[in-house]
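The block underneath contains the structure these notes are about, expressed in structure tokens.
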Amino acid sequence: MRKKRMVIVALGGNVLIRENERGTAEEQWRHAEEICRQIYALIEHNCNIVLTHGNGPQVGNLLIKNENSADMLPTMPLDICGADSQGEMGYMLQQALLNELRSHDLRRFVVTMITQVLVDHADPAFQKPTKPIGPFFKKERAEQLMREQDWRMTEDSGRGWRRVVPSPQPTRVIQKDMIKLLAEAGHIVIACGGGGIPIMKGPGNRYVGVEAVIDKDLASSLLATNIGADMFVILTRVPRVALNFGKPNQKDLDRMTLSEAKRRLDEGHFAPGSMRPKIEAAIQFLEAPGETLFNGREVIITDPEHLAEALDGKHGTHIVKEI
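For what it's worth, the working numbering labels the leading residue of the sequence shown as 144, then goes sequentially.
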């Protein structure tokens, strides 16, 4: 039986490429080193660790490369772009974390797991794609892509036309057992990059890739449940969850129970595409069946700068079943 708390940490989608940056290798290496210095607090707390991360900017860049090189090279489907980004980001985070460990004279392995996540072909998201991805196109090019590629596209606030894809619910993390074994053995695992590569069962019960995007926080919550995690940490841009965010009466929250989180979600306090999926992921994790080894499940939502304080109970928003 394991002796350490199992913790999943979901890193925000802009962990390596920040707003208003070009996303050069130098910029991404700098951010990888920054986040790994902050993640070290988990090692100081003697945890078994799985890291997950978003990949929006990286996949967006790959899709732009697809478009700009279409006359010279075969374009790659979205599932392969997702796999590419898992390898690219995993390498950067893996190397930065190894260097951070070595600077403290610690010898632990870090491994990146190319992760597939199963979705259901009957998921209603496939009938109504809503997730915008990739570059903006002029109307003529958009109409051509809709004819030739059978893409669904929508006009985006006067900025041009953009492709939209389904965002189905994750149902199973294919590599969950290997991730659990590695983490319980003390290795740090980087997994479910970008929500995982979406796949479904095709003819002959064979796995096939899907042109879709899985929400990173929901996939991380599912993985946390699958491997029996005790704690689910969601790192984002804000230090705490807030009610009436951005308004004069904004109220930061130090703690919520599960029932409070569900009620405030229903009241519309959390914006779609921002805090809402994080609260939904927290609720999903806390409501899942199964026991943990360390005093029940807990969710922490905070920013990377306050992670160490949050782990000590002095910062962030802590969400638990009931007090």
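All C-beta atoms in this analysis are idealised placements derived from N, C-alpha and C, irrespective of residue type, glycine included. Note that the coordinates shown come from a computational prediction; the quantities given were computed from them, not determined experimentally.
Return the CA-CA distance between Glu177 and Leu241, expressed in angstroms with no decimal places.
-> The residue labelled residue 177 in the question sits at position 34 within the sequence shown. The residue labelled residue 241 in the question sits at position 98 within the sequence shown. Distance between the alpha carbons of Glu177 and Leu241: 13 Å.
Starting from Leu288, follow the beta strand (DSSP E) in both directions and report where the run begins and ends.
-> Stepping through the sequence shown from its first residue, residue 288 is reached at position 145. Element bounds for Leu288: not the beta strand (DSSP E) but the alpha helix (DSSP H), Lys282 to Gln292.
So who's on the other strand from Glu441, going by DSSP bridges?
-> Indexing the sequence shown from 1 puts residue 441 at position 298. According to DSSP, Glu441 bridges with Met374 and Val463.
Please determine, among Arg406, Ile444 and Pro420, the residue with the shortest C-alpha to C-alpha distance to Gln312.
-> Here residue 312 refers to the residue found at position 169 when the sequence shown is read from its first residue. Of the listed residues, the one whose Cα sits closest to Gln312 is Pro420.
Start and end residues, beta strand (DSSP E) containing Met343 | For the purposes of this step, residue 343 is taken as residue 200 along the sequence shown, with counting starting at 1. Run containing Met343: Ile340 to Lys344, per the beta strand (DSSP E) assignment.
In terms of residue numbering, what span does the beta strand (DSSP E) encompassing His196 cover?
-> The residue you call residue 196 lines up with position 53 of the sequence shown. Taken as a continuous stretch (DSSP letters only), the beta strand (DSSP E) holding His196 covers Asn191 to His196.
By how many angstroms is the C-alpha of Leu429 removed from the C-alpha of Glu423?
-> As a first step, residue 423 must be located in the sequence shown, where it is residue number 280. As a first step, residue 429 must be located in the sequence shown, where it is residue number 286. When rounded, the distance between both Cα atoms is 10 Å.
Classify Arg315 as helix, strand or coil using the three-state DSSP reduction.
-> Mapped onto the sequence shown, residue 315 falls at position 172. DSSP places Arg315 in strand when its eight states are reduced to three.
Can you tell me the Cβ-Cβ gap for Ile207 and Gly156, rounded? I've got them flagged as a contact below 8 Å.
-> As a first step, residue 207 must be located in the sequence shown, where it is residue number 64. As a first step, residue 156 must be located in the sequence shown, where it is residue number 13. About 16 Å separates the Cβ atoms of Ile207 and Gly156, ruling out a contact at the 8 Å cut-off.
Segment contact, 8 Å Cβ cut-off, at least three pairs: the segment 361-378 with the segment 402-418 | no
Would you kindly work out how many angstroms separate the C-alpha atoms of Met144 and Val463, rounded to a whole number?
-> The residue you call residue 144 lines up with position 1 of the sequence shown. The residue you call residue 463 lines up with position 320 of the sequence shown. Note on Met144: pLDDT 49, under 50, position unreliable in the model; the coordinate value appears next. So the alpha carbons of these two residues sit roughly 24 Å apart.
Local conformation of Val260 per DSSP, three classes = Along the sequence shown, one-based indexing puts residue 260 at 117. Residue state, collapsed to three classes: strand.
Leu467 vs Arg251 beta-carbon contact at 8 Å = Not covered by the structure: residue 467. The range shown for the chain is 144 to 466.
One or two residues paired with Glu274 in a DSSP bridge = Residue numbering aside, residue 274 sits at position 131 when the sequence shown is read from its first letter. Here residue 274 is Lys; the residue named in the question, Glu, does not match the sequence. Its beta-bridge partners are Val308.
In the DSSP assignment, find the unbroken beta strand (DSSP E) run with Arg295 in it and report its ends.
-> In the sequence shown, counting from the first residue as 1, residue 295 sits at position 152. Start and end: Arg295 to Glu298.
With DSSP run on the structure shown, which of helix, strand or coil describes Met144?
-> As a position in the sequence shown, residue 144 is number 1, starting the count at 1. Note that Met144 scores 49 on pLDDT, short of 50, meaning its location in the model is unreliable and no value can be drawn from it.
Thr400 bridges to which residues according to DSSP?
-> Within the sequence shown, residue 400 is the residue found at index 257, counting from 1. Per DSSP, Val463.
Cα-Cα, which of Met219, Ala326 and Ala175 is closest to Val253?
-> The count along the sequence shown starts at 1 and reaches residue 253 at position 110. Nearest C-alpha to Val253: Ala326.
The segment 267-284 touching the segment 332-339, judged by at least three CB pairs closer than 8 Å | Touching, no, given that fewer than three Cβ pairs across the two stretches are closer than 8 Å.
How far does the alpha helix (DSSP H) with Met219 in it reach, from first residue to last?
-> Stepping through the sequence shown from its first residue, residue 219 is reached at position 76. Element bounds for Met219: n/a, residue is neither H nor E.
For Lys147, I'd like the list of residues in its chain whose CB is within less than 6 Å of its CB, leaving aside the five on either flank, ordered along the chain.
-> As a position in the sequence shown, residue 147 is number 4, starting the count at 1. Within the same chain, Lys147 has close Cβ partners Asn189, Cys190 and Asn191.
For the 8 Å Cβ check, are there 3 or more pairs between the segment 394-404 and the segment 446-466?
-> yes
So is Leu249 buried or exposed if we call it buried at 16+ other beta carbons inside 10 Å?
-> Position 106 of the sequence shown, counted from the start, is the residue given in the question as residue 249. The residue in question, Leu249, is exposed, as its Cβ has fewer than 16 Cβ neighbours within 10 Å.
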